Amino acid sequence: MIKLYSYFRSSSSYRVRIALNLKNIDYEIVPVHLVKGEQHTKEFTALNAANKIPVLDHDGLRVAQSVAIIEYLDSEFKTDPLYPTKRQDLALTRQLCEIINSDIQPLQNFAVLKKLVQDHGFSEDEKVKWIRHWIHLGFQSYEAIVSKTAGDFSMGDRPTAADCFLIPQIFNAERFELDMEPFPTIQKINRSATKHPAFVKAHPSNQPDTPAIPSK
Ligand SMILES: N[C@@H](CCC(=O)N[C@@H](CS)C(=O)NCC(=O)O)C(=O)O
């Protein structure tokens, strides 16, 4: 039995939802409302002392950090592998995952943005410019790679772990109205994902905790 502690709009949870769907693994979503601060309750801290989602629970074995979760799922469930076997392709897939996971997401995660506004006087406008800046830089390096490797998805025509990371980051980029024109290959991959059931099912608008009218 697999449970995923998730928030509809959390990009790191969205990555894992895509991976689970691509591998056709059944799971149950346990919603954690980040804006209400449910990641800081005593019960949740016992699950993950970092007070962050996603957390995967597989028959009582708990894993946090989306990279670790996706690698765990791929090694436990052999169907529909998310990582290529060819050495060069595997290295590039991991490099793409890290561009999103390390160069972009930590700079625009919920706690960082809250701190910029509350403790460093960022206005809403400055906050949005900050978010766009880091996504733009990360997408530049992502585009440089996938312009050479992509078919329908980042590494050829089949989705890999790299796409589990990219697509949620595009959702955030669109939410903050980043100019996507400099990234034609990333846009093409996004169009493929909008037609793929595993990505559609994982989308923030299709979650059990999606509010009727999501706030900005
Ligand atoms: N590196 C972590 C990042 C996890 C993360 O930043 N989660 C965010 C949501 S996307 C979170 O739970 N934030 C709670 C908070 O900032 O208070 C991963 O890949 O799982």
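When you line the sequence shown up against numbering that gives the first Met the number 0, it's residues 0 to 215, in that order. A virtual CB, placed ideally from N, CA and C, is assigned to each residue, including glycine. Remember, predicted model here, so these are calculated numbers, not experimental data.
Within the same chain, show all residues whose beta-carbon is closer than 8 Å to that of R190, passing over the 5 residues directly before and after it, in chain order.
Cβ within range, chain order: n/a, list empty.
Under three-state DSSP, which class holds K2?
strand
Any heavy atom of ligand 1 inside 7 Å of the beta-carbon of A160?
The answer is no for A160.
Measuring only the C-alpha atoms, how far is K200 from Q206?
8 Å
Whole-angstrom Cβ separation of K22 and T78, contact assumed at under 8 Å?
6 Å
Should I212 be labelled buried (16 or more other beta-carbon atoms within 10 Å of its own) or exposed?
exposed
Would you check if the distance between the CB atom of I188 and the CB atom of V145 is smaller than 8 Å?
yes
DSSP three-state assignment for I24, whether helix, strand or coil
coil
Cβ pair count under 8 Å reaching 3, the stretch 116-127 against the stretch 31-50:
In the pairwise beta carbon analysis, the stretch 116-127 is classified as not touching the stretch 31-50: fewer than three pairs are separated by under 8 Å.
In the DSSP assignment, the alpha helix (DSSP H) including H135 goes from what residue to what residue?
E123 to T148
Beta-carbon within less than 6 Å of C96's beta-carbon, same chain only, minus the 5 sequence neighbours each way: which residues are those?
A160, A161 and F164
May I ask you to check if the CB of K100 is nearer than 7 Å to at least one heavy atom of ligand 1?
First, the amino acid is wrong: residue 100 is Asn here, not Lys. Flag set: Cβ of N100 near ligand 1.
If you compare alpha carbons, which of D25, L106 and G155 is closest to L72?
D25
Cutoff 6 Å; reference P167; Cβ partners in own chain excluding five residues on either side:
S10, Y13 and R14
With a CB to CB cut of under 7 Å and the five nearest residues on each side skipped, what residues in its chain are close to M0?
Around M0: D58.
For P30, list the residues DSSP reports as bridge partners.
S5
Outcome for V34 when other beta-carbon atoms lying within 10 angstroms are tallied against a minimum of 16:
exposed
How many Å lie between S5 and I169 at the Cα?
18 Å
With a cut-off of 8 Å on the beta carbons, I'd call A197 and N20 a contact; round off their distance for me.
4 Å
Which stretch, first to last residue, makes up the beta strand (DSSP E) that contains A49?
Run containing A49: none; DSSP gives neither H nor E here.
Reduced DSSP category for F170 - H, G, I as helix; E, B as strand; rest coil
helix
When DSSP labels each residue in this structure, what does Q157 get in the three-state scheme?
For clarity, residue 157 is Arg in the given sequence; the question names Gln instead. The answer is coil: DSSP assigns R157 none of H, G, I, E or B.
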